[in-house]
């Protein structure tokens with residue numbers, strides 16, 4: 288058996304392990320061990336270091352598998368409860384910035400990066416989007432618009448030809464003209480908060 292069973296994994300100067308055995312070769316090691324072959328004999332037959340054979344056999348005896356076990360990974364910066372609180376905060380004030388969120392968390396004793404805040408919000412379906420420009424309407428405005436539409440629904444073309452349309456008119460009554468961003472889910476663009 289040649290060494291074609293080896294699978295190259297990306298090498299990294301800080302990592303000690305640069306190669307991993309194929310699943311077929313690991314299973315073959317276990318089969319040979321079950322048939323009574325010694326670790327040294329398996330190592331010689333398959334041209335695999337004896338220490339590697341021993342590691343695979345021990346792993347099989349302890350865990351009952353030769354598959355790679357899940358790695359623990361990096362510890363989460365925010366607990367699930369803190370993530371839910373963060374999402375509630377952003378939903379109540381969609382125009383809050385990542386920097387403001389980080390400052391609020393830091394004031395509460397938790398230090399996180401901008402990328403952590405972004406990742407958590409993305410996991411919960413919230414994306415940073417440009418705020419849609421829409422008129423600030425109160426309930427009475429909405430009712431008046433609906434009444435106007437209902438009252439004029441049956442008007443014919445001759446009536447509408449006499450109407451002076453004022454589209455493409457920009458009237459800045461309050462606020463500023465700078466582009467603003469909001470955190471929102473798909474389909475929430477025209478929510479009054481967004």
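Residue numbers (my numbering): 288 to 481. Each residue gets a CB set at the ideal place from its N, CA and C atoms; glycine is no exception. If you're wondering where the values come from, they're calculated on a predicted model, not measured in any experiment.
| query | result |
| --- | --- |
| Exposure label - residue 445; buried when at least 16 CB within 10 Å | exposed |
| Under the three-state DSSP convention, the category residue 415 falls into | strand |
| Alpha carbon of residue 469 to alpha carbon of residue 392, nearest angstrom | 19 Å |
| Residue 441 versus residue 424: straight-line alpha-carbon distance, rounded | 25 Å |
| For residue 471 and residue 401, believed in contact at Cβ under 8 Å, the rounded distance | Not really, about 18 Å apart at Cβ, beyond 8 Å. |
| Three-state secondary structure (DSSP) of residue 447 | helix |
| Simplified DSSP assignment, three categories, for residue 401 | helix |
| Member of 353, 308, 350, 383 whose CA lies at the smallest distance from the CA of residue 334 | 308 |
| Closest Cα partner of residue 318 within the set 327, 344, 337 | 344 |
| Exposed unless 16 or more other CB atoms sit within 10 angstroms - verdict on residue 340 | buried |
| Reference residue 409; option with closest CA among 426, 373, 326 | 373 |
| Classification of residue 313 by the beta-carbon crowding that lies within 10 angstroms, buried from 16 upward | buried |
| Residues of its chain near residue 397, where Cβ-Cβ distance is below 8 Å and the 5 sequence neighbours each way are ignored | 364, 365, 369 |
| Buried or exposed (CB count within 10 angstroms, at least 16 for buried), residue 336 | exposed |
| Residue 469 - DSSP class collapsed to helix/strand/coil | strand |
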